[in-house]
Structure formats: structure tokens, C-alpha cells
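To keep things clear, I will list the structure first and then write my remarks on it.
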Amino acid sequence: MTSKTDTDLIIAAWLSEGAEQAPDRRSRLALDEIATTPQRRPRAWPGSTDEPAANRLRLLAFMAATVVLAVTLGVAFRAGFIGVPSRSAIPVPSATATTSEADLETFVADDGSFEIRLPDVWRRDVGPDPSATYLRTATFELSIRAGDADGSLVTCDDGAGPWETCKRVTPTSLDELAEEVGLTSAEEGGAIPVGPVRSSTTLGGEPARVERIEAYEAPARGAESVTYITAMHEGRPYILRLWFPGADPGDVVLDVVVAGFQFLAADAAPSPPQIEQPEAVEGLRTFLDPNGSFEIRLPDDWSATVGEDSSALYLTRGALSMSIRAGDGGGEVRTCDRGAGGWETCESVVVADLEELDASIGLADDGQAFQGPLEWSITLDGEPATIHWIVTSTNGRLSAVQYVAAMHEGRPYVMRITGSQRFRETPYGMAVGFDSELLDGFSFLPVRAPSQSEGSNGFRTFTAADASFQIRLPEAWTLDRGPGRDTLYLANGTDRLLARAGDAEGKVLTCDEAQGPWEECLTSTPRTLTELGRDVTLQATSTSTDPTRSDATLGGETARIEAIEAAELPASGGQWVSYVIAMHEGRPFVIRLWSPGAPLDDDVAEVIDGFAFLDD
Amino acid sequence: MDRGLVELAQHGDREAFARLVPQIADRLFAAAHRILRDYDAAGDAYQSALVLIWRELPMLRDPDRFEAWASRVLVRQCHTELRRRRRQPPAFDLMLFDVPTADDTISVSLRDQLERAFSRLTAEQRAVLVLMYYRDLSVAEISAHLGISAGTVKSRLHYAREALRGAIEADARTTIQEGRPA
Numbered sequence: 001m002t003s004k005t006d007t008d009l010i011i012a013a014w015l016s017e018g019a020e021q022a023p024d025r026r027s028r029l030a031l032d033e034i035a036t037t038p039q040r041r042p043r044a045w046p047g048s049t050d051e052p053a054a055n056r057l058r059l060l061a062f063m064a065a066t067v068v069l070a071v072t073l074g075v076a077f078r079a080g081f082i083g084v085p086s087r088s089a090i091p092v093p094s095a096t097a098t099t100s101e102a103d104l105e106t107f108v109a110d111d112g113s114f115e116i117r118l119p120d121v122w123r124r125d126v127g128p129d130p131s132a133t134y135l136r137t138a139t140f141e142l143s144i145r146a147g148d149a150d151g152s153l154v155t156c157d158d159g160a161g162p163w164e165t166c167k168r169v170t171p172t173s174l175d176e177l178a179e180e181v182g183l184t185s186a187e188e189g190g191a192i193p194v195g196p197v198r199s200s201t202t203l204g205g206e207p208a209r210v211e212r213i214e215a216y217e218a219p220a221r222g223a224e225s226v227t228y229i230t231a232m233h234e235g236r237p238y239i240l241r242l243w244f245p246g247a248d249p250g251d252v253v254l255d256v257v258v259a260g261f262q263f264l265a266a267d268a269a270p271s272p273p274q275i276e277q278p279e280a281v282e283g284l285r286t287f288l289d290p291n292g293s294f295e296i297r298l299p300d301d302w303s304a305t306v307g308e309d310s311s312a313l314y315l316t317r318g319a320l321s322m323s324i325r326a327g328d329g330g331g332e333v334r335t336c337d338r339g340a341g342g343w344e345t346c347e348s349v350v351v352a353d354l355e356e357l358d359a360s361i362g363l364a365d366d367g368q369a370f371q372g373p374l375e376w377s378i379t380l381d382g383e384p385a386t387i388h389w390i391v392t393s394t395n396g397r398l399s400a401v402q403y404v405a406a407m408h409e410g411r412p413y414v415m416r417i418t419g420s421q422r423f424r425e426t427p428y429g430m431a432v433g434f435d436s437e438l439l440d441g442f443s444f445l446p447v448r449a450p451s452q453s454e455g456s457n458g459f460r461t462f463t464a465a466d467a468s469f470q471i472r473l474p475e476a477w478t479l480d481r482g483p484g485r486d487t488l489y490l491a492n493g494t495d496r497l498l499a500r501a502g503d504a505e506g507k508v509l510t511c512d513e514a515q516g517p518w519e520e521c522l523t524s525t526p527r528t529l530t531e532l533g534r535d536v537t538l539q540a541t542s543t544s545t546d547p548t549r550s551d552a553t554l555g556g557e558t559a560r561i562e563a564i565e566a567a568e569l570p571a572s573g574g575q576w577v578s579y580v581i582a583m584h585e586g587r588p589f590v591i592r593l594w595s596p597g598a599p600l601d602d603d604v605a606e607v608i609d610g611f612a613f614l615d616d
Numbered sequence: 617m618d619r620g621l622v623e624l625a626q627h628g629d630r631e632a633f634a635r636l637v638p639q640i641a642d643r644l645f646a647a648a649h650r651i652l653r654d655y656d657a658a659g660d661a662y663q664s665a666l667v668l669i670w671r672e673l674p675m676l677r678d679p680d681r682f683e684a685w686a687s688r689v690l691v692r693q694c695h696t697e698l699r700r701r702r703r704q705p706p707a708f709d710l711m712l713f714d715v716p717t718a719d720d721t722i723s724v725s726l727r728d729q730l731e732r733a734f735s736r737l738t739a740e741q742r743a744v745l746v747l748m749y750y751r752d753l754s755v756a757e758i759s760a761h762l763g764i765s766a767g768t769v770k771s772r773l774h775y776a777r778e779a780l781r782g783a784i785e786a787d788a789r790t791t792i793q794e795g796r797p798a
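Chains C and V are the protein sequences, given in the same order. Counting from 1, one number per residue, gives the positions in the first sequence under my numbering. Counting from 617, one number per residue, gives the positions in the second sequence under my numbering.
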């Protein structure tokens, strides 16, 4: 049996471990936010002290006074002594924002249904509902939800207190929606709410309701408040929920949120193509590679997130994050976006086998390594694979970076897992690392590649790697190779054709390499054909003709043709470039033809005739 | 603590507040790290606590009690952070290994048991333990820091301490069964 003294000593020794210094970055971030954060001045209960218990009594007194005032006002109103207020409690925000445009950041919903511009102290957050948009500052939390195709949505993830209920609703009007938001004045377990207080505002040009509640969770947790803004737009319900760990969030932040919110019109904001994710099964969820090269099944509290590389799959769960990349058929793959420290480097490599891939994983001991780097062999979905692993210690905190490298059908695969992680058994003993069960759910999928049919009646049909479109062309055209994954490259003698669809985020690279100063290759994430056209515009120069532009129809969609004739003197001679661009179901499509020998008018006509979008 | 700086900050002087921060930063962060047992979570709680401290500072009636009051705000933010992170549960069970420490009497398995027991405590219970064992504060001082009665401090301390004591005893039993030196 352990004595009391031993217990106290052990607890004290154990609690003595840990960081002693506050990270400067955190202090700086807080001071940045404070620069635009107003202070709250005493107002509601003037005798407020620093003692929660005393405040609680004052809060009760305040509530009682509020009730008396409300009754008095009600009587007066009914008696005709007081007119209807001419202004809502939450003012409609004006365009005169105090924050400069440069300090604002725009967050767009994954389904493209809205965007919100907020000061740059706001950042994306992760929450349990993949259909919701989560944002936060150091203190405020904002979740925004738009109804699904049936007009159904969940009001919140979990209630902040007994006075807030979360449920799925399918409202058909703003009144119904506002009524479904589950704030009540119920007191339970020491949580004393003030409100809900209701008012009206305008959200993105639509009438909206505001509902706010402030509660005090006695005795220790302090005050918190929840504000809902609800609106309907084109029959679709929208709920914004703002949570603040204090009694009175003030109207400033609410005004900023309301002012920054904008519905995106259905025609201008189509849903970006979504990667179809299978339903969760028995607590598991399957995530598909954006390029269809693999899938991974994980516990369903993992969620997909957005990263720098649209060809990678990014996943997160708590403090863990994972990126998985499949290289192309030429063996090219990028190992990571950026290194976590001096011990990790990222680069794009071209490898032929696992040995070369292993040599490309950029972990090295730069003097900060706590353990590793070490390697050991495993099997990943039946393929030989290697775990590369390093643990670093910074400010007393251990964190691990682990890679899994594998080859499958000539393609390299790189999985990178990071985060502060606990300890597990490794071939080298106990170490910080990640449970191998993570790898059990990984499966390679049959590699997709552009395809061509056999020639028939002088034509052959080419199908994109992601099966999003096909083009029937004279059989003189054949499949060609190019640097872009999931791009259809064709060749006909010296003529070249590139055809590609936007990726899962609706992003498309307009060309691989500009042929001259009159052409520019841009990464475009357009919402409309006009926006796409802006990014593929050819520019007249001293060595080119003026570009020509015309309208066309591609696979039933409105399309635009851009063409230019240029001469690279003295060596390259004349050349012709034509683009055919279109939007289909929110996804951009770019076809680029290039010829060093002749105008492309006939080729463009053949492409337009033979092109078809492949839906589902 | 510089009372003058606190008063200036209370009246909206951001520069004064920026000079106050270094005076409390390390103590607040160290407490958050021990309460939350996670560097990133502690950073989030610490950062949001600073913003709240600034925002609520005019409500503080006695500038001399600034640090205790700030600790209370921090504990509240730790509670919030715990709740937020529980919505995104940690990926794996706790597993520990020998981190070099000043006191090598804490074995891997004991640390594991302590982490498990600690993870089941509320932020408020953890705060009492941290203030008692790490900050060496008395019950009366903890009471003032957290704005709760001495009786509440004692009951939380009792519960939390018992939970950890159970963990220590469980480890001792395992050690004996496995024939390892205790």
C-alpha cells in the first residue's frame, strides 16, 4: 500500500514534468487579436465583483428586474403607451467596415452555397459534421450550416448547456426555422440562462432572425453565450451558430459575421465536384483518394480536410493529421508539403522502386531528434512497404513524424502521419508512434488512366482517366504522355491536344507550359465560364496576332474558343494555339490544341463534334 | 505584479497589457499544459485566455487580484478546450514510454496509469491538483485563485487525489504481480 506521503511526492514529481515557458507565437497571436478586440465594460449588474457566487446572485436579481421590466413594457405596449420599435436590436450592418480589405479572409463553404469574409484572426476549425463549416478565433467559435438537398440540416453538434437542444430539422419557412432552433430558458443543474433574446436582421440580403442566450454555469465554469442567426435562401435553410465563452459577446463580432456573409447564387456557385465517400459502416468510414488510386478505412471520427496539394488526401483526427499521396504512372510523387522542422525535407521525386522511394523520404537527424530516424519493413495491402519514423523534442514536447512508403503497379505511394502522439511498441522498443491499425484499412485501387478505344470507321474514342469526358477523333490521333496526372494527352503528328477536367475542388491548371509570352498557364478555380475565360485569356504580343474569341457549344454546354497565331522568331517559326473551355456541373473543362504547322480550326471543330461529358 | 499596468490595461491601454503578458505568460501556460496534458491544447487555451483576460479586464474590481483572476479565466478556457477536444476524441489509447525525467522513480507503467486517471478528471479537478502540487498553493490560495470556497477546493482535491492514488496503487499491484522491482 502506498502511503499518503508517497502519493503526494509522486503526484508532485509527475506534475513537475511539462513545459515551463509560454510559446511566443501564442502570445503574439493573442495580442494580434486583442488589437481588434474591444473590452467589455461593466453594465448589466453594476455591483459585479470578481466572485462568481456573488455574481450569480446579482444575475438572479438582474433576471428578476428584467422580468419586471418586460411585464411593465408589455403592459405599457398593450395600453398604447409605447410604439413599436423602429429598429431591430441587431442593426443591419453597413458597408463601412472598420477592417481593411487586406485584413479580411474569405471562407467558402465546401458545397459552394455561401462564403463569409472575416478578419484574419479567424481560421478554419474541424468539427464533427462534415457538411458544416467551422471557424474560430481564440475565443469565438462559429459553425455555419446550409440545408441539404431535402432542405434538412442539424441545428448544432451538441448543446452548450441544458438550454440548447440540437436536432435535425426540415423547415419550409423562416418562421419554422427560427422556431426549431432549440434555445430555451430552462434552468437545470445550476445553469442559469438569460434569454433567449430574439431580434431580426438581414443576412446576405435575406431577412434573418437572431436568437441569443447567455448562461452562467455555476459555480465554476463561468458564463457563456450562444447566438443563432437563421435565414432561408432559395428555399434552403441556413444556420449560423456563434459561441462565446463569456456573458456578453457584444454586437461587434455579430455585426462582422453578418456583414461578411454572402449567399452564393446557384448558377454562380455550383457545388464543386465531390469525391463520393461511402457511408460509414460500424463506426468506420472510408476515404477515397481524389484520383481514385487508393482508399483508406478509418474510425468515423476521422475527417477529410483541405491541404495544399489537390492531388493528395488529407485527413485529421484530434491532434493527428495525415496526408496520403499516390504518384503518377511515371513514378513521380511529392513526399510532403513542407517539412515540420530541420529534420524533415520535402521534394518531388521520380522513383522506379521502393528502394529509391525509401531513399527519397527526407528524414534526418539534425541534432533535434529524440529518437530515429529509423526504418522498418511492413506490408501495406499486400505490397512491401517501409515505415520511416522520427521523434523530435521541442520545449519538452515529443512529436512524431511517420512515413509509410510503398509501390504499387509502378506508382509510388507516400503516407505521412504527424502529431503529438503517445507511445507504442516498435521493433526498437517502446516509442512515440502510431498504431499500425491505421494501415489495416488501406487498399490500393485499380489504377485509372486515360484510355483509347480501337479504331472503328476511321475514328477512335479517348476517355479521361476520371471518366468525366470522352472525345471521339480521327484515328490519326493517339494517346500521348505528358506531365499532368489525370490529363488526357493526345498527339497527331506534330499536333498536340491536352484535355483535362477540374479536380475535386474545381481547380484546373490551364496548360502545362506556356509556348510564348502570349500564353500563360494558371491554376484556376472558376465558378463560371467567365471566370475560367479570364484565366485562359491569350494575350497579343509583338510576335503574335490578336487572339480571336468565339462562342460554341461543347457537350451541350456553352463553351468559349480562344485562338492565337504566333511566331517565335527567329527559330521556332509559326505556331497556333486554340483553347476550348466550358463549365459542366460546376467543374471546369479545358482543352488546348497546339500545332506548329497549320491553323487549328478543323481540329477544334472535330473536338467539339466528338466531345461528350460523361455523367456518373 | 505591476498594479499600475493592470489599471492602465483596464482602461483600454493595449500597450500596458502587452507589457503585462510576459509577467503572467509562463505561469499560465505551464498550468494549462499540466491541466490539459497536450502542448497544442494548452496553447489554444492560453491564447484564448489572454484574449478573454483583455476583454473582461474592466470587470476586475481589485487590480491586486489580477493574477488570481487571470488563472481563473485560464482554467475556464482549459475546461472549454477539454470540451472542444472531446468532440474530437484522441485517436489512440494512451501508451507511454520512458521519457527522461528529473525523477526516474516514475516508471513507464506508472506514468501510464497516472495519465489515464488524470484524463478522467474534469478541468476544475485538474486545476486544483496543479495549483496544489505544481504551484505549491495552499487551500486558501487556491480558493482565491479559482473563486470557489475552501470546502469546494478540499472536496475536489480529495476526489482528484484519490483518483491518482488509485492509479499509483494499481501500478504497484501490477509491478508486484509481474515480479518487477517496485
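Note that beta-carbon positions come from the ideal geometry of N, C-alpha and C, so glycine has one too. All values reported here derive from a predicted model rather than from experimental measurement.
**Request:** Could you work out which residues of chain V lie near C:Leu142, taking near to mean beta carbons separated by less than 8 Å?
**Result:** Near C:Leu142 there are no residues of chain V at all, since even the closest Cβ is about 13 Å away, more than 8 Å.
**Request:** State yes or no: is the C-beta of C:Val580 within less than 8 Å of the C-beta of C:Ile591?
**Result:** With contacts defined by Cβ atoms closer than 8 Å, C:Val580 and C:Ile591 form a contacting pair.
**Asked** Are the C-beta of V:Leu745 and some C-beta of chain C separated by less than 8 Å?
**Response** Residue-level contact by beta carbon holds for V:Leu745 and chain C, with a gap shorter than 8 Å.
**Request:** Could you name the residues of chain C that V:Tyr662 contacts, counting a contact when the two beta carbons are closer than 7 Å?
**Result:** Proximity of chain C to V:Tyr662 at the Cβ level (cut-off 7 Å) is accounted for by Ala22 and Arg26, in chain order.
**Request:** With DSSP collapsed to three states, give me the class of V:Arg653.
**Result:** Residue state, collapsed to three classes: coil.
**Coil, strand or helix - C:Ala559 by DSSP** = Residue state, collapsed to three classes: strand.
**Message:** Beta-carbon within less than 7 Å of C:Arg87's beta-carbon, same chain only, minus the 5 sequence neighbours each way: which residues are those?
**Reply:** Since pLDDT at C:Arg87 reaches only 28, below the 50 mark, its modelled position is unreliable, and no value is offered.
**Item:** Classification of C:Gly205 by the beta-carbon crowding that lies within 10 angstroms, buried from 16 upward
**Value:** Counting Cβ neighbours within 10 Å, C:Gly205 comes out exposed, since fewer than 16 surround it.
**Message:** At 3 residues or longer, what runs of the beta strand (DSSP E) sit wholly inside the stretch 201 to 243 of chain C?
**Reply:** Counting whole runs of 3 or more residues, the stretch 201 to 243 of chain C contains the beta strand (DSSP E) stretches 206 to 217 and 222 to 233.
**Message:** Is there a C-beta anywhere in chain C that falls below 8 Å from the one on V:Ala786?
**Reply:** It does not: the Cβ of V:Ala786 has no partner Cβ on chain C nearer than 8 Å.
**C-beta contact flag for C:Val154 and C:Arg136 at 8 Å** = No. Outside cutoff.
**Message:** Under 8 Å: do the stretch 537 to 545 of chain C and the stretch 490 to 497 of chain C share three or more Cβ pairs, one atom per stretch?
**Reply:** Flag = no, the stretch 537 to 545 of chain C and the stretch 490 to 497 of chain C do not touch.
**Asked** Buried or exposed: C:Leu522, going by 16 or more other Cβ atoms within 10 Å of its Cβ?
**Response** Burial call: exposed.
**Request:** Report the neighbours of V:His649 on chain C: residues whose CB is nearer than 7 Å to its CB, in chain order.
**Result:** By Cβ distance, chain C contributes Gly18 and Ala19.
**DSSP three-state assignment for C:Trp302, whether helix, strand or coil** = DSSP places C:Trp302 in coil when its eight states are reduced to three.
**Message:** Strictly below 9 Å CB to CB, what residues from chain C border V:Leu780?
**Reply:** The answer, in chain order, is Thr7, Ile10, Ile11 and Trp14.
**Message:** If the cut-off is 7 Å on Cβ atoms, which residues from the stretch 669 to 690 of chain V count as contacting chain C, listed in chain order?
**Reply:** Against chain C - using a Cβ distance shorter than 7 Å - the residues of the stretch 669 to 690 of chain V are Trp670, Arg671, Glu672, Leu673, Pro674, Met675, Leu676, Arg677, Asp678, Arg681 and Trp685.
**Sequence-distant residues of the same chain with beta carbon closer than 6 Å to C:Trp594, five excluded per side** = Correct list, in chain order: Arg496 and Val577.
**Request:** Please state whether DSSP places C:Trp594 in a helix, a strand or coil.
**Result:** Looking at C:Trp594 - three-state DSSP - the assignment turns out to be strand.
**Message:** Is the separation between the beta-carbon of C:Glu475 and that of C:Gly502 shorter than 8 Å?
**Reply:** No, they are not a contact pair.
**Local Cβ density within 10 Å of V:Arg781, reported as buried at 16 or more and exposed below that** = Under this definition V:Arg781 is a buried residue.
**Where V:Phe762 falls: helix, strand or coil (DSSP)** = Position check: residue 762 of chain V holds Leu in this sequence, whereas Phe was assumed. Reduced to three states, the DSSP call for V:Leu762 is helix.
**Asked** Is DSSP giving V:Phe645 helix, strand or coil here?
**Response** Shown here, V:Phe645 sits in a helix according to DSSP, grouped into three states.
**Prompt:** Hey, is V:Ala565's beta-carbon within less than 8 Å of any beta-carbon in chain C?
**Reply:** Residue coverage of chain V in this structure runs from 617 to 798, which leaves residue 565 of chain V outside it and unanswerable.
**Request:** Consider the Cβ of C:Pro52: report whether some Cβ of chain V lies at a distance smaller than 8 Å.
**Result:** Only weak support exists for where C:Pro52 lies, its pLDDT of 41 falling under 50; the value from the coordinates is given anyway. Taking Cβ atoms only, chain V reaches closer than 8 Å to C:Pro52, which makes this a yes.
**Message:** Check whether the stretch 521 to 540 of chain C and the stretch 609 to 616 of chain C are in contact - that is, three or more C-beta pairs closer than 8 Å.
**Reply:** No, they do not touch.
**Asked** Do you know offhand how far V:Leu644's Cα is from V:Arg681's?
**Response** Roughly 15 Å between the two C-alpha positions.
**Item:** Test item: CB-CB of C:Asp337 and C:Leu313 under 8 Å
**Value:** No; because the gap between Cβ atoms is not below 8 Å, this pair is not in contact.
**Request:** Between the Cα of C:Val226 and those of C:Thr170, C:Leu284 and C:Cys166, spot the shortest distance and give me the residue it belongs to.
**Result:** Nearest of C:Thr170, C:Leu284 and C:Cys166 to C:Val226, Cα basis: C:Cys166.
**Asked** How should C:His584 be labelled, buried or exposed, when 16 other C-beta atoms within 10 angstroms of its C-beta is the threshold for buried?
**Response** Around the C-beta of C:His584, 16 or more other C-beta atoms lie within 10 Å, and the residue is accordingly described as buried.
**Message:** Just to confirm the assignment, what range does the alpha helix (DSSP H) spanning V:Gln741 have?
**Reply:** Residues Ala739 to Leu745.
**Message:** If contact is defined by three or more beta carbon pairs under 8 Å, each pair taking one atom from either stretch, is the stretch 595 to 608 of chain C in contact with the stretch 650 to 660 of chain V?
**Reply:** Counting Cβ pairs under 8 Å, fewer than three are found: no touch.
**Request:** Starting from the N-terminal side, write out each stretch of the beta strand (DSSP E) that is 3 residues or longer and does not extend beyond the stretch 298 to 368 of chain C.
**Result:** Counting only runs of at least 3 residues, the stretch 298 to 368 of chain C fully encloses the following beta strand (DSSP E) elements, listed from N- to C-terminal order: 303 to 305, 313 to 317, 320 to 326, 332 to 334 and 348 to 350.
**Request:** Please report how far the alpha carbon of C:Pro446 lies from the alpha carbon of C:Ser524, in whole angstroms.
**Result:** Straight-line measurement puts the Cα of C:Ser524 at about 29 Å from the Cα of C:Pro446.
**Item:** Counted within 10 angstroms of its Cβ, other Cβ atoms place C:Ser143 as buried (16 or more) or exposed
**Value:** It counts as buried.
**Spatial neighbours of V:Ala625 in its chain, beta-carbon cut-off 8 Å, leaving aside the 5 residues before and after** = Taken in chain order, the residues that qualify are Ala632, Phe633, Leu636, Trp670 and Leu673.
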